[in-house]
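In the numbering used here, the protein residues as written are 11 to 206. Beta carbons are placed, not taken as given, at the ideal position from N, Cα and C, and that holds for glycine.
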Amino acid sequence: MKIDKEFTLFAKGNFTQSLDFKIIKEEIHSAIQHVVWGSENLFLINPIRKGNGVVPIKKNFVSFLQSKGWLAEQQMTCVNGINPAPIDVIKKISQGVFAVEWETGNISSSHRALNKIAVGIIQNSLIGGILILPKRSLAQFLTDRIGNYEEISPYFTLYQHLDIQNGFIGIIAVNYDEINTEVSIIPKGKDGNAMK
11 MKIDKEFTLF AKGNFTQSLD FKIIKEEIHS AIQHVVWGSE NLFLINPIRK GNGVVPIKKN
71 FVSFLQSKGW LAEQQMTCVN GINPAPIDVI KKISQGVFAV EWETGNISSS HRALNKIAVG
131 IIQNSLIGGI LILPKRSLAQ FLTDRIGNYE EISPYFTLYQ HLDIQNGFIG IIAVNYDEIN
191 TEVSIIPKGK DGNAMK
């Protein structure tokens, strides 16, 4: 899988100058490259509108990060007053906890993920986070109404105006390497829009 777009919503304080942050970014980039389908080293997509599932896509991503010491599906309270919720992957470092969410839900889920990261930084539960989601060119071939980069990008200005002294929020938009009508369709889940 390839990174199509990378956008920094904000990067403030000394965290983004640290070796930990440099390693985090390198590991995330490598993990995305390990997301493959229908090939040993490429992510191929069968171009059936709304035909492919989303959950299996992040499997290799999460597995790669776990091999680097990241923790998957960790229950943690990022926002005071809200029960602990699982985060796709986190890395504990000297300055705190860094979270990564890989979008498998609709655009409301994308907003919740960014809000959780932002409030987590404000309340010192997190030092930073990244949301990974598809570009619209990929999303059209995935589960109906999957959150995508173009749909959430108009809201970026909100996060750029947060008054935070130290932390990072970023967005990575991913895309297929190639279209291939012969490749297997990615299986769908059993709930909600996944069946559509």
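- request: With a floor of 3 residues, list each beta strand (DSSP E) that falls wholly inside the stretch 102–147, ordered by position along the chain.
  value: Taking only runs of at least 3 residues, the beta strand (DSSP E) segments lying wholly in the stretch 102–147 are 106–112, 138–144.
- prompt: With a CB to CB cut of under 6 Å and the five nearest residues on each side skipped, what residues in its chain are close to Q105?
  reply: Excluding sequence positions up to five before and after Q105, its CB lies within less than 6 Å of the CB of F25, I137, all in the same chain and listed in chain order.
- prompt: Below 8 Å, can you find three or more Cβ-Cβ pairs linking the stretch 23–42 to the stretch 156–172?
  reply: Because the criterion of three Cβ pairs below 8 Å is not met, the stretch 23–42 and the stretch 156–172 do not touch.
task: Quickly, what does DSSP pair P185 with across the bridge? List them, please.
output: The sequence given here places Asn at residue 185; Pro does not occur at that position. Its beta-bridge partners are K12.
Short CB-CB distance (under 7 Å) between H44 and chain D: The question asks about chain D, but that chain is absent: this structure has only one protein chain.
message: Can you look up F151 in the DSSP assignment and give me helix, strand or coil?
response: Residue state for F151 is assigned as coil, using DSSP reduced to three classes.
query: Less than 7 Å separating the beta-carbons of N158 and L143?
result: For N158 and L143, yes; Cβs fall inside 7 Å.
field: Cα-Cα separation, I189 to W47
entry: Roughly 11 Å between the two C-alpha positions.
query: Can you tell me whether N90 is buried or exposed, with buried defined as 16 or more other CB within 10 angstroms of its CB?
result: That one is exposed.
- request: Tell me, please, which residues DSSP counts as bridged to G177.
  value: BP columns for G177 point to K22.
query: By how many angstroms is the C-alpha of T87 removed from the C-alpha of S49?
result: Their Cα atoms are separated by approximately 38 Å.
message: Whole angstroms are fine: how far does the CA of E192 sit from the CA of A7?
response: For the chain, the structure presents residues 11 to 206; residue 7 sits outside this window and is missing.
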